[in-house]
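Visitor: Residue numbers (the working numbering): 138 to 620. Please read through the structure below; I'll follow up with questions.
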Ligand code: GLN
């Protein structure tokens, strides 16, 4: 089987039918990475030796006919803000250039228990702040569909690696769209689970009330498999919820009669003039195809959507400014300033943080400390929290009428390098459709529109809390349609 055709599902079938071994496939993928990586730049570090050992471990179980998990031997790409014991975890920042993780993130523990293979750590915007992977301190990642264009961000490396067949699937994190937007730009499936479904223990925090780990896969079926493996309550993450232990087999094998019974809402606030015509056309096409499954559509309203972006750019930087306070050059971070003749502790902090953080991170730390400062707290932070509650309430109201909400994932297709780097506001706008789901903690998935020409376009399905089954189910039946 060619690696281009591999999904998690097909990998498992081939492996358990003994058509190939995990080691053979892992080797083949590393050969492919060797060829492709100079042009794509998806990885910050590779994990070749250990990956071969992990593959062999899966092969031994198969050879002994022991039962294995669906992910056994499957080569995965992991965003570089998740900790794998002993491996570098830079979060795309110079600040953590020499840092090595001293424990496994909970998602990694779960994947190790399932005998998955870790190919390496993927490139990302610094501390996950960005929409193009251009704020990485290390390298550019190119969109496999057009090398002149960005892969999206911040999880651009994971998205590009799956799109370029340099991994069968991958993990990313999504605070405002960092899984769904790059999935849309690269033509793969990206799932951001319900807030609290997947443990954030061992994820380098950006904005803790919004961050959620999720998946990059070639199909919605694979997203269901990978998500089910990483979901679950975790005593190391107080925000992971008991519902996270209750996901059942309906994720993997949705019934057509259940899916047909769903009603999909189309929010008028999301189908606006600013959407690029090819995006609007492609999403229209996906809607027609989903209708052909027998699913009903309904127009809905989410009136507070217009506040989501500005609210996000208050709440997120506020949390960023406190989460990133720990990178002081002593506990974490770059110690290069230590040798210098510094007069005070604050000078040491200043030296380290000026040197270790890039421009976008600094912008957000400054913005965050400002909105939290006394005198401005009520005007900005407290007000944004109130608006966040209204955004959530919009969804509660809408979900009385519909089961799932469909929108474009982004207003544009992948843009060119440099196009938005000097214009933060236009960069921020690329998450206008993805941010509301983070604000409300809802599960959302980006699925590539099938059969459209040109650059990939994703459409987004937003579900009710804990109803990943609905969005994954529609995705799986949509994928089975023939064009
Ligand atoms: N692009 C958004 C931002 O820059 C979202 C980032 C994310 O989801 N990590 O904040």
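Ideal placement from N, C-alpha and C gives every residue a C-beta, glycine not left out. Quick caveat, the model's predicted, so the values are computed rather than measured.
For residue 207, count the other beta carbons within 10 Å of its own beta carbon; 16 or more makes it buried, fewer makes it exposed. Which is it?
Guide: Your numbering for residue 207 matches position 70 in the chain shown. Its Cβ being crowded by 16 or more others within 10 Å, residue 207 is buried.
Visitor: Of all the options 172, 290 and 247, which has the alpha carbon lying nearest to the alpha carbon of residue 557?
Guide: For the purposes of this step, residue 557 is taken as residue 420 along the chain shown, with counting starting at 1. Answer by Cα proximity: 290.
Visitor: Is the number of C-beta pairs between the segment 331-349 and the segment 363-380 that are closer than 8 angstroms three or more?
Guide: As far as the Cβ criterion goes, the segment 331-349 touches the segment 363-380, which means the pair count is three or higher.
Visitor: Just to confirm, are residue 312 and residue 343 a CB contact at a threshold of 7 angstroms?
Guide: For the purposes of this step, residue 312 is taken as the residue at position 175 of the chain shown. For the purposes of this step, residue 343 is taken as the residue at position 206 of the chain shown. It is a contact, given that the beta carbons lie within the stated cut-off.
Visitor: Indicate the three-state DSSP secondary structure (helix, strand or coil) for residue 354 in the structure shown.
Guide: Along the chain shown, read from residue 1 onward, the residue named residue 354 stands at position 217. In the structure shown, residue 354 sits in a strand (DSSP, three-state: E or B).
Visitor: Tell me the DSSP secondary structure of residue 286 in three-state form.
Guide: Within the chain shown, residue 286 is the residue found at index 149, counting from 1. Strand at residue 286.
Visitor: State yes or no: is the C-beta of residue 311 nearer than 6 angstroms to some heavy atom of the ligand GLN?
Guide: In the chain shown, residue 311 corresponds to position 174, counting from 1. The answer is yes for residue 311.
Visitor: Does residue 544 come out as helix, strand or coil in the three-state DSSP assignment?
Guide: What you label residue 544 is simply residue 407 of the chain shown in a count that begins at 1. In this structure, residue 544 counts as strand in the three-state DSSP scheme.
Visitor: Of all the beta strand (DSSP E) runs that stay within the bounds of the segment 352-435, which reach a length of 3 or more residues?
Guide: Those beta strand (DSSP E) runs which fall completely within the segment 352-435 and span 3+ residues are 400-404.
Visitor: Alpha carbon to alpha carbon, how far is residue 144 from residue 469?
Guide: Reading the chain shown from its first residue, position 7 is the one you call residue 144. Reading the chain shown from its first residue, position 332 is the one you call residue 469. The straight-line gap from Cα to Cα measures roughly 38 angstroms.
Visitor: Heavy atom of the ligand GLN less than 6 angstroms from the Cβ of residue 551, yes or no?
Guide: Numbered from 1 along the chain shown, position 414 holds the residue referred to as residue 551. Answer for residue 551: no, Cβ out of range of the ligand GLN.
Visitor: Along the chain, where does the alpha helix (DSSP H) that runs through residue 498 open and close?
Guide: Residue numbering aside, residue 498 sits at position 361 when the chain shown is read from its first letter. First-last of the alpha helix (DSSP H) with residue 498: 496-509.
Visitor: What beta strand (DSSP E) runs, 3 residues minimum, are completely inside the segment 188-219?
Guide: Whole beta strand (DSSP E) segments, 3+ residues: 212-216.
Visitor: Name the DSSP bridge partner or partners of residue 86?
Guide: In the structure as shown, the chain begins at 138 and stops at 620. Residue 86 is therefore absent and cannot be evaluated.
Visitor: Just checking residue 266 against the ligand GLN - is the residue's beta carbon closer than 6 angstroms to any of the ligand's heavy atoms?
Guide: As a first step, residue 266 is located in the chain shown; it is residue number 129 there, counting from the start. The answer is yes for residue 266.
Visitor: Using DSSP bridges, identify the partner residues of residue 583.
Guide: Stepping through the chain shown from its first residue, residue 583 is reached at position 446. DSSP lists 327 and 597 as partners of residue 583.
Visitor: How many Å lie between residue 285 and residue 537 at the Cα?
Guide: Start at 1 with the first residue of the chain shown, and residue 285 comes out as number 148. Start at 1 with the first residue of the chain shown, and residue 537 comes out as number 400. Going from the Cα of residue 285 to the Cα of residue 537 covers about 44 angstroms.
Visitor: Helix, strand or coil, according to DSSP, for residue 248 in the structure here?
Guide: For this step, residue 248 is matched to residue 111 along the chain shown. The answer is helix: DSSP assigns residue 248 an H, G or I state.
Visitor: Taking Cβ to Cβ, would you say residue 439 is nearer than 7 angstroms to residue 406?
Guide: The residue labelled residue 439 in the question sits at position 302 within the chain shown. The residue labelled residue 406 in the question sits at position 269 within the chain shown. Closer than 7 angstroms, so yes.
Visitor: Say yes only if the C-beta of residue 314 is nearer than 6 angstroms to one or more non-hydrogen atoms of the ligand GLN, and no if none qualify.
Guide: Taking the chain shown and counting its residues from 1, one reaches residue 314 at position 177. Checking the Cβ of residue 314 against the ligand GLN gives yes.
Visitor: Within 10 angstroms of the Cβ of residue 463, are there 16 or more other Cβ atoms? Answer buried if so, exposed if not.
Guide: In the chain shown, counting from the first residue as 1, residue 463 sits at position 326. With fewer than 16 other Cβ atoms within 10 Å, it is exposed.
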